[in-house]
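Chemist: Quick note: the sequence shown uses my numbering, first residue 102, plus one each step. Note that the Cβ used here is the ideal one computed from N, Cα and C, for glycine as well.
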Amino acid sequence: MTKILTFALIIALSGCGLIKDEKEVTEFYDIGGLETGCKLDGDRFHKILEQNIEGDITCLESSLQQFADYVRRENPNYIKRTELEKFINRFFPDTAADINKILKPAFKLMSLLLKDPSENIAVANIPLVANIIRVINQQGRELSDLLKVVIEKAPADGNETEEERKERLKRNSKRYWENKSQLVRTTNSMIGRLVDIISTYPSNNDSLDVPAFLLELQVALDLSDDDFDVQTIKSFLFAKKLLLGGDAYILKSKEVNPLLNKLTGLVEVAMDAMFISERPTEPGDEISTDIDKSRFLMSLVKRARQMIFVAPDQNEVVLDFDNLLNVLKIVMDDVSWDRTTASLINFKKKIIGGDPKKYTYNDFNTITNIIREASEISFFNNVTYRHFAHVMTSDAPIEGISLPNLPEYTQFSEARRTEMWGNFLFIAKNYHFFLDRDGYQTIGFKIKRHSYGFNILSLMRWGVKKLFVAYGRVITAGTNNEFVLDLEDTRKIAEEYKGILEELELWPDDLERLLSELRLGSDLFRMNSNGDNYIQIDEINEYISTLMASGKIKGNVLDKLKDICTDVGTADNPAYDLVCFNEHFFNILFVKLQTQKYLPNLHTFYLKHNGTDMLEKFITAVQVKARIINNPDIPVDGTDISRMLTSLSNIETLFKRFDANFNHELKGSEIDGVYGVVESVIAAADDNLKPGAKLTKSAFLYVVKKEKLPSGVGLILFHINPLAKIGIKGDRLKIARVLGLF
């Protein structure tokens with residue numbers, strides 16, 4: 102912008118005292134009165150966003166008017182670009198080439214803004230040109246100063262650690278919210294003044310080919326691709342079509358005002374979203390803070406949605422996939438987007454819908470609707486949780502609550518309220534483990550419904566359901582006609598999103614083992630598990646929450662292990678001797694980390710057996726299935742620890758669900774309850790076993806009693822002997838050993 106103003110509007114038109122041979126030019130120019138009384142300083146315009154240059158702008162305006170008054174032209178009412186070029190060629194031969202290069206894009210832009218004929222600027226519009234520059238110098242300078250206060254740039258030498266970068270961005274976010282009102286006010290003032298200026302005349306049929314204009318500008322200003330990458334800018338021009346309609350690359354005269362009028366709101370929405378993590382919230386408790394955050398997010402989504410052009414044809418394409426990929430590579434250059442291409446295409450096809458390589462207005466509406474739904478669910482959950490706080494914070498099952506009539510609900514339709522209430526009530530009644538703000542969840546006989554975890558589970562349930570609808574199937578028997586996944590469905594999801602999983606470093610070395618564990622972990626060991634060999638929404642939702650909690654504790658265990666055991670791994674993957682780990686694991690868990698409030702029942706087991714070899718026997722039994730390779734010579738790494746913690750959570754969940762008398766021992770009807778869930782797994786272990794057959798239950802009881810798989814004859818003898826089944830019971834060690842057999 103500085104160079105444009107400097108070359109196009111100043112240097113090119115500063116004719117004061119520079120004509121040396123009047124006789125040579127009197128035939129073409131009436132220069133007798135060409136005196137302005139001021140001298141234009143081009144360098145001053147380089148500081149248009151740094152200093153007050155009102156005097157220079159006034160001098161420029163006077164010089165332009167002098168040029169119009171004394172230079173003979175084809176049409177005295179206009180300054181034609183070709184006429185101005187002739188003048189410059191004659192009187193500024195040394196710099197004419199550089200100056201004339203900038204005239205072409207400058208005239209195009211000013212013609213569009215001031216509604217002049219192409220390649221012309223009206224003499225009457227000279228004051229408007231000066232006023233546009235004044236707005237840039239005044240409000241633009243104020244805005245530039247504000248942005249310098251808000252945005253702390255990265256070090257020029259790039260010498261910045263990841264932690265330093267995060268802290269710098271955090272400071273930027275805080276300063277944005279501190280200065281937001283002034284930023285918005287200044288931007289509104291600048292845009293308002295510009296709109297007033299360019300609205301002096303009605304729009305015409307003129308238009309600007311933006312990519313061509315940018316290329317001309319790049320050449321005129323001698324800018325390299327590094328300084329002014331036209332292709333990069335072109336990648337983002339789809340936003341023009343998204344906001345205003347029409348051709349993404351053509352800006353019409355009639356579109357300029359609507360664009361400017363949307364600009365302030367667009368910048369505000371973008372910066373609000375960018376800096377939302379540090380937005381100040383209303384004073385109050387945590388749930389009030391969450392309500393304020395979710396309310397703001399709803400408002401942000403609504404404002405963003407209002408920016409989108411209401412196209413007559415909602416199926417008109419706005420953005421193609423290649424363009425999207427270019428944008429993603431620019432915005433997030435640390436991601437290997439080429440590797441995720443197939444995943445993104447599958448996501449578009451299955452979740453958003455439509456042509457997987459085209460994004461229409463309808464698709465953008467779908468995307469904003471998805472974000473809107475999520476923000477509404479979060480707001481509804483937080484408001485409703487606060488209303489029922491006395492019930493939600495109790496450790497008892499939820500009973501006897503119904504949809505309240507809260508003032509916060511008035512913004513939702515009755516159908517939407519009913520839908521969100523159904524989701525809220527189901528989780529309140531059927532879920533038992535909820536993450537707290539630190540990432541832990543309590544697995545014990547008493548329920549701890551943290552509002553944070555409640556909202557996480559609700560949002561995940563909503564998101565998982567979309568995945569199930571896209572990839573799952575309906576099995577009528579025993580599933581309430583809800584979508585479920587079988588092993589093949591799950592494999593397909595993994596394969597279709599392999600690129601993203603690889604980029605997130607979540608792709609397993611053994612996919613089939615992961616899929617099997619995912620099915621068993623969700624179908625057998627959750628509070629909502631039914632053992633039907635299908636993965637259901639609430640089963641997998643609970644399992645994901647458990648994995649998140651296990652990952653949190655794993656990190657803390659690793660931090661403590663380094664002070665106790667020798668690290669024999671690598672910097673990226675620390676690992677520790679198995680003997681040392683087994684000796685100290687429970688002490689780290691309950692003494693160093695004080696996790697007893699999260700695992701109270703396991704802590705009771707620890708207190709009972711601390712100082713004996715029972716604890717090492719127990720963790721050794723858990724490791725049979727939990728470790729990737731259960732070899733005592735292989736050190737324990739973070740993956741092993743996370744899997745062990747998940748296995749411990751599985752066992753704790755079984756006791757939470759089936760230990761009716763809370764004595765930390767399963768027997769009688771409690772053992773029968775476990776069998777009801779694992780029956781299909783037992784049946785799958787032998788071709789002679791069938792679900793529902795009495796022999797299958799005998800096989801289960803045999804395994805629990807003897808901690809080994811039955812032989813044919815041994816099982817028959819056990820099955821026909823009623824006395825053999827008396828007094829069968831299972832403590833944590835026995836259950837761990839039984840699970841290690843399958």
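#1: Check whether the Cβ atoms of VAL285 and ASN358 lie closer than 7 angstroms to each other.
#2: Taking Cβ positions, are ARG242 and LEU161 nearer each other than 7 angstroms?
#3: For ALA231, which three-state DSSP category applies?
#4: Near ALA255, what residues of its chain come up, given a Cβ to Cβ distance below 8 angstroms and the 5 sequence neighbours on each side ignored?
#5: Does the distance from the CB of ILE227 to the CB of GLN166 come in under 7 angstroms?
#6: Let me make sure I understand the geometry here. Which of ALA223, TYR803, VAL839 has the alpha-carbon closest to that of PRO823?
#7: For the alpha helix (DSSP H) holding SER617, just list the boundary residues, first then last.
#8: Going by CA-CA distance only, name the one from LYS795, GLY828, ARG627 that's closest to ILE817.
#9: Flag this pair as yes or no: are the beta carbons of ASN483 and ILE388 separated by less than 7 angstroms?
#10: Between which residues of its own chain and ARG272 is the CB-CB distance below 7 angstroms, once the five residues before and five after are set aside?
#11: Pick out the complete alpha helix (DSSP H) segments inside the segment 748-814, 4 residues or longer, and give them in chain order.
#12: When burial is assigned at 16 or more other CB atoms within 10 Å of the CB, is GLU606 buried or exposed?
#13: Between the alpha carbons of PRO681 and GLY831, how many angstroms are there, rounded?
#14: Which residues in the same chain have their Cβ closer than 7 angstroms to the Cβ of ASN683, if we skip the five residues on either side of it in sequence?
#15: Pull the bridge partners of TYR460 from the DSSP assignment, please.
#16: Is it true that the CB of LEU343 sits closer than 7 angstroms to the CB of LYS363?
#17: Can you name, in chain order, every residue of its own chain whose Cβ lies under 6 angstroms from the Cβ of ARG838, other than the five neighbours on each side?
#18: Shortest alpha-carbon distance to PHE759 belongs to which of GLY774, GLY769, ASN751, LEU749?
#19: Return the residue from the list LEU360, ILE351, ARG562 that minimises the CA-CA distance to PHE527.
#20: In or out: ASN176 buried (at least 16 other Cβ within 10 Å) or exposed?
#21: If contact is defined by three or more beta carbon pairs under 8 angstroms, each pair taking one atom from either stretch, is the segment 611-622 in contact with the segment 530-550?
#22: What do you get for ASP496, buried or exposed, if any count of 16 or more other CB atoms within 10 angstroms of its CB means buried?
#23: In the DSSP output, which residue or residues are listed as bridge partners for ILE532?
#24: In the structure shown, what three-state DSSP assignment does LYS663 receive?
#25: Determine the direct distance from the alpha carbon of PRO384 to that of VAL402, and round the result to whole angstroms.
#26: Just tell me which of PHE534, PRO498, ILE499, PHE481 has its CA closest to the CA of THR519.
#27: Have a look at VAL236 and TYR277 and give me their C-alpha separation to the nearest angstrom.
#28: What are the boundary residues of the alpha helix (DSSP H) that includes TYR598?
#29: Whole angstroms is fine: what's the gap from GLY739's alpha carbon to ASN702's?
#30: Assign LEU586 to one of three DSSP states: helix, strand, or coil.
#31: Where does THR754 land, buried or exposed, given buried means 16+ other C-beta within 10 angstroms?
#32: In chain order, what residues of the same chain have a beta carbon less than 8 angstroms from the beta carbon of ASN524, not counting five sequence neighbours either side?
#33: Since VAL658 contacts ILE742 with CB under 8 angstroms, what's their CB separation in whole angstroms?
#34: If you run the structure through DSSP and keep just helix, strand and coil, what is TYR541?
#35: May I have the straight-line CA-CA distance separating GLY134 from ASP414, to the nearest angstrom?
#36: Go to ILE180, then tell me how far its beta strand (DSSP E) extends in each direction, as first and last residue.
Modeler: Reading from the atomic positions:
#1: no
#2: no
#3: helix
#4: GLU261, ARG266, ARG269
#5: yes
#6: TYR803
#7: 612-625
#8: LYS795
#9: yes
#10: GLU253
#11: 770-785, 795-807
#12: exposed
#13: Reading off the sequence, residue 681 comes out as Cys, not Pro. Distance between the alpha carbons of CYS681 and GLY831: 28 angstroms.
#14: GLU717, ILE720, THR721
#15: LEU420
#16: no
#17: ALA722, GLU808
#18: GLY774
#19: ARG562
#20: exposed
#21: no
#22: exposed
#23: Checking the sequence shown, residue 532 turns out to be Tyr, not Ile. Partner(s): none; TYR532 has no beta bridge.
#24: coil
#25: 23 angstroms
#26: PHE481
#27: 23 angstroms
#28: From DSSP, TYR598 is part of no alpha helix (DSSP H); its letter is neither H nor E.
#29: 24 angstroms
#30: strand
#31: buried
#32: ILE478, SER559, ARG562, TRP563
#33: 6 angstroms
#34: coil
#35: Note on GLY134: pLDDT 46, under 50, position unreliable in the model; the coordinate value appears next. The straight-line gap from Cα to Cα measures roughly 59 angstroms.
#36: 179-181
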